[in-house]
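Visitor: So the sequence shown is numbered by our numbering: it starts at 819 and just counts up by one. Backbone N, C-alpha and C define an ideal beta-carbon position, used for all residues, glycine too. Take this structure, written in structure tokens, and hold onto it; I'll ask about it next.
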Amino acid sequence: MSKSQNKEARMYLRVRNLCGLLGMILPWLALFSAGITPHPSPEWWWSISATYYQSPALVGVLVPACIVLISYIGYDTVDNVITSLSGIFGLCIVLFPCKVGWIPDGTPVGFFQVPIEISHIVHSVSAMLFFLLMAFNSTFQFTKSDSEITGRKRIRNIIYRICGIGMLLMEVAFAVIMICGVPRYHVMYIEIILLSLFGLSWLVKGGAFPFLNDIESDEDE
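Right, here's the structure in full:
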């Protein structure tokens, strides 16, 4: 591999690791930064999305992650479409905030100042599509390989599929909460797991764990 090719490959790994790291730290930074501000309601911690109204952490972390996804150049058209759409839906999560109990219906919110109940619909649909695409990406795209599948690559594929299937299961759990009236604070737990699975998948893809990497770098997997 030439020096320029090696430099480009390292850049790809950094981009993947950055995306994974941002996903990992988002819930904890959002909770911490919102937790040290005055609380308008006991519901402030019931979801990461609700911290939007108290802390800039959600915007400050999610927007860069979405820009990375939109800018990411994959190995084929499907890869590019998935990551670009994921980035767009992720931005919609920020541009259209969720509904919270301490803000009345009809209140204009978000970048476009639409009524909060309408913003909530766009927010929820965007979040669902974001994680569905990320689950597909982890399960089917990350597991591809242009070369011989090594033992460590098989282990990585298992991790990718666990992360992808786990995200799908968390989406189902979220739907159950919405339909069955389970206490809404469980949404926070689901979001933490979703973002952790997303982050882990990208960190593994970025080669952040040397013991999972092949002896030779995996830029071409």
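1. Have a look at residue 895 and residue 982 and give me their C-alpha separation to the nearest angstrom.
2. Expressed to the nearest angstrom, what Euclidean distance is found between the alpha-carbon atoms of residue 930 and residue 824?
3. Decide yes or no for the touch test of the region 1003 to 1015 against the region 913 to 932: beta carbon pairs closer than 8 angstroms, at least 3 of them.
4. Determine the burial state of residue 993: buried for a count of at least 16 other Cβ atoms within 10 Å of its Cβ, exposed for fewer.
5. Straight-line CA distance for residue 1027 to residue 933?
6. Are the CB atoms of residue 948 and residue 889 nearer to each other than 8 angstroms?
7. Out of 912, 960 and 963, which has the shortest C-alpha to C-alpha gap to residue 940?
8. Do you know offhand how far residue 887's Cα is from residue 901's?
9. So with Cβ pairs under 8 angstroms, would you call residue 907 a contact of chain B?
10. What are the partner residues of residue 932, as DSSP defines its beta bridges?
11. Measure the Cβ-Cβ separation of residue 867 and residue 916 and say whether it is below 8 angstroms.
12. Applying the criterion that 16 or more other CB atoms from any shown protein chain within 10 Å of the CB defines a buried residue, is residue 967 buried or exposed?
13. Quick check on residue 851: does DSSP put it in helix, strand or coil?
14. Does the region 982 to 991 come close enough to the region 840 to 858 to have 3 or more Cβ pairs within less than 8 angstroms?
15. Given residue 1013, which residues of its chain have a CB within under 8 angstroms of its CB, disregarding the five upstream and five downstream residues?
16. For residue 1016, which residues in the same chain have their Cβ closer than 6 angstroms to its Cβ, ignoring the five residues on either side in sequence?
17. Out of 884, 907, 855 and 881, state which residue places its alpha-carbon closest to the alpha-carbon of residue 871.
18. Have a look at 946, 937, 975 and 987 and flag the residue whose alpha-carbon is nearest the alpha-carbon of residue 1030.
19. Would residue 910 and residue 873 qualify as a contact pair, given that the criterion is a beta-carbon distance under 8 angstroms?
20. If you drop the 5 nearest sequence neighbours on each side, which residues of the same chain put their C-beta closer than 6 angstroms to that of residue 1020?
21. Is the beta carbon of residue 1024 closer than 8 angstroms to that of residue 831?
22. Can you tell me where the alpha helix (DSSP H) with residue 1027 in it begins and where it stops?
23. I think residue 918 touches residue 861, with their Cβ atoms under 8 angstroms apart; what is that distance to the nearest whole Å?
Guide: Here's the rundown:
1. Translated into the one-based positions of the sequence shown, residue 895 becomes position 77. Translated into the one-based positions of the sequence shown, residue 982 becomes position 164. So the two alpha carbons sit approximately 20 angstroms from each other.
2. On the sequence shown, residue 930 is found 112 positions in, with the first residue counted as 1. On the sequence shown, residue 824 is found 6 positions in, with the first residue counted as 1. When the Cα atoms are used, residue 930 and residue 824 turn out to be separated by approximately 43 angstroms.
3. Fewer than three pairs of CB atoms, one per stretch, sit closer than 8 angstroms, so the region 1003 to 1015 makes no contact with the region 913 to 932.
4. If you number the sequence shown from 1, residue 993 lands on position 175. Exposed, because fewer than 16 other Cβ atoms sit within 10 Å of the Cβ of residue 993.
5. On the sequence shown, residue 1027 is found 209 positions in, with the first residue counted as 1. On the sequence shown, residue 933 is found 115 positions in, with the first residue counted as 1. If I take the Cα positions, the gap works out to 44 angstroms.
6. Translated into the one-based positions of the sequence shown, residue 948 becomes position 130. Translated into the one-based positions of the sequence shown, residue 889 becomes position 71. The answer is no: Cβ separation not under 8 angstroms.
7. Mapped onto the sequence shown, residue 940 falls at position 122. Considering only alpha carbons, the answer is 912.
8. Numbered from 1 along the sequence shown, position 69 holds the residue referred to as residue 887. Numbered from 1 along the sequence shown, position 83 holds the residue referred to as residue 901. Near 5 angstroms, if we compare the C-alpha coordinates of residue 901 and residue 887.
9. No chain B appears in this structure, which consists of one protein chain only.
10. Counting from 1 along the sequence shown, the entry for residue 932 is found at position 114. Looking at the DSSP assignment, residue 932 forms a beta bridge with 927.
11. Position 49 of the sequence shown, counted from the first residue, corresponds to residue 867. Position 98 of the sequence shown, counted from the first residue, corresponds to residue 916. Annotated as proximal: residue 867 and residue 916, with beta-carbon spacing under 8 angstroms.
12. Start at 1 with the first residue of the sequence shown, and residue 967 comes out as number 149. In this structure residue 967 is exposed. Its beta-carbon is surrounded by fewer than 16 other beta-carbon atoms within 10 angstroms.
13. Here the question's residue 851 lines up with position 33 in the sequence shown. In the three-state reduction of the DSSP assignment, residue 851 falls in the helix class, which pools H, G and I.
14. Judged by Cβ distances under 8 angstroms, the region 982 to 991 makes no contact with the region 840 to 858, as fewer than three pairs qualify.
15. The residue given as residue 1013 occupies position 195 in the sequence shown. Excluding residues within five positions, the ones whose Cβ falls inside 8 angstroms are 841, 842, 844, 845 and 866.
16. Here residue 1016 corresponds to residue number 198 of the sequence shown, with the count starting at 1. Same-chain partners within the cutoff: 841 and 952.
17. For the purposes of this step, residue 871 is identified with residue 53 of the sequence shown, where counting begins at 1. Ranked by Cα distance from residue 871, the options 884, 907, 855 and 881 are led by 855.
18. As a position in the sequence shown, residue 1030 is number 212, starting the count at 1. Answer by Cα proximity: 975.
19. For the purposes of this step, residue 910 is taken as the residue at position 92 of the sequence shown. For the purposes of this step, residue 873 is taken as the residue at position 55 of the sequence shown. Contact: no.
20. The residue you call residue 1020 lines up with position 202 of the sequence shown. If we look at residue 1020 and ignore the five residues flanking it on each side, its Cβ neighbours are 834, 837 and 838.
21. If you number the sequence shown from 1, residue 831 lands on position 13. If you number the sequence shown from 1, residue 1024 lands on position 206. It is a contact, given that the beta carbons lie within the stated cut-off.
22. The residue labelled residue 1027 in the question sits at position 209 within the sequence shown. Taken as a continuous stretch (DSSP letters only), residue 1027 belongs to no alpha helix (DSSP H), as it is neither H nor E.
23. Working through the sequence shown from its first residue, we reach residue 918 at position 100. Working through the sequence shown from its first residue, we reach residue 861 at position 43. Taking the Cβ atoms as the reference, residue 918 lies roughly 7 angstroms from residue 861, within the contact range of under 8 angstroms.
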